[in-house]
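See below for the structure under consideration.
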Amino acid sequence: DVKVTQSSRYLVKRTGEKVFLECVQDMDHENMFWYRQDPGLGLRLIYFSYDVKMKEKGDIPEGYSVSREKKERFSLILESASTNQTSMYLCASSVIRVGTEEAFFGQGTRLTVV
Amino acid sequence: DQQVKQNSPSLSVQEGRISILNCDYTNSMFDYFLWYKKYPAEGPTFLISISSIKDKNEDGRFTVFLNKSAKHLSLHIVPSQPGDSAVYFCAARSTRSWGKLQFGAGTQVVVTP
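Heads up: the protein sequence lines correspond to chains C and B, in order.
Start counting the first sequence at 1; every next residue gets the next number (this note's numbering).
Start counting the second sequence at 115; every next residue gets the next number (this note's numbering).
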């Protein structure tokens, strides 16, 4: 079974704090993604990585950065947390292979910024 | 600019009847479409997918239909069961985009007894 594990289920942080969200996958997938889910907006891509040390901006990268030093780990960093970053954050991983296209998601981190 | 749209935020259906969820897309480069199911406080789980070279894919109670000319796909659940109550997300990707998925806003399905 593919497993994508996010380090925290729930987090409460203060405005201005630097926040780290960690994600680990155990299937040797090349691709890893960070999404946020907000009501009425679905899942929006923040950043993704297709290889170690490689990263690409998604649709809403402002206020975020990422780090991928090892293939299995992808970290999302909120440089200075703000209340509009209160959201559900979802990490995913995938491999591009003919006939195998789905991404596997972690359980999510509910972040509240106060 | 949302490239994948689910215009029905919610759907209520009676147990045993058919649930039909709709999804429209605007990017003609999309070549693979997926449906995900999500329960509260959990990550989305993959349900079913379809390649752009097909117009139908079936897996048990779930069938996805693709109409490329209309840029429209739908998910049929027959028969609907109480455990199907969840949020369903339509997603799409193109081969050129490193596997990035574009998601719709989701449809909340409630199956009533």
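Where is the CB? At the ideal position from N, CA and C, for every residue including glycine.
Proximal chain C residues relative to residue i, where beta-carbon distance stays under 7 Å
i	result
Leu215 (chain B)	Ala103
Phe144 (chain B)	Those do not exist, as Phe144 (chain B) stays about 12 Å from chain C at its closest Cβ, beyond 7 Å.
Gly220 (chain B)	Gly42
Contacting residues, own chain, Cβ-Cβ under 7 Å from residue i (five flanking each side not counted)
i	result
Tyr64 (chain C)	Ile46, Tyr47, Leu76, Ile77 and Leu78
Ala200 (chain B)	Lys151, Lys152, Tyr153 and Val223
Residue interval of the beta strand (DSSP E) (run including residue i)
i	result
Gly42 (chain C)	Gly42 to Asp51
Tyr153 (chain B)	Taken as a continuous stretch (DSSP letters only), Tyr153 (chain B) belongs to no beta strand (DSSP E), as it is neither H nor E.
Asn181 (chain B)	Phe176 to Asn181
Gln25 (chain C)	Val19 to Gln25
His190 (chain B)	His186 to Ile191
Phe160 (chain B)	Thr159 to Ser165
Arg131 (chain B)	Counting along the chain, Arg131 (chain B) falls outside any beta strand (DSSP E), and DSSP gives it neither H nor E.
Thr226 (chain B)	Thr221 to Thr226
Cα-Cα separation, residue i to residue j
i	j	result
Thr177 (chain B)	Thr15 (chain C)	45 Å
Ile191 (chain B)	Gln216 (chain B)	22 Å
Glu62 (chain C)	Gln85 (chain C)	10 Å
Neighbour list for residue i in chain B, Cβ cutoff strictly below 7 Å
i	result
Gln107 (chain C)	Glu156 and Gly157
Beta-carbon proximity check, residue i vs residue j, cutoff 7 Å
i	j	result
Phe144 (chain B)	Ser188 (chain B)	no
Gly42 (chain C)	Gly218 (chain B)	yes
Trp7 (chain C)	Glu22 (chain C)	It should be noted that the sequence gives Ser, not Trp, for residue 7 (chain C). Their beta carbons are under 7 Å apart, which means Ser7 (chain C) touches Glu22 (chain C) by this criterion.
Ser126 (chain B)	Thr221 (chain B)	no
Glu156 (chain B)	Pro227 (chain B)	no
Own chain residues within Cβ distance below 6 Å of residue i, not counting five before or after
i	result
Lys13 (chain C)	Val19, Ala81 and Val113
Phe147 (chain B)	Ile164, Leu187 and Ala206
Thr141 (chain B)	The residue you asked about is not Thr; residue 141 (chain B) is Asn in the sequence shown. Cβ neighbours of Asn141 (chain B) beyond the five flanking positions: Gln117.
Proximal residues to residue i (C-beta, below 8 Å), its chain only, five neighbours per side dropped
i	result
Ile132 (chain B)	His190, Ile191, Val192, Pro193 and Ser194
Closer than 8 Å at the beta carbon, the chain C residues around residue i
i	result
Phe160 (chain B)	Glu102, Ala103 and Phe104
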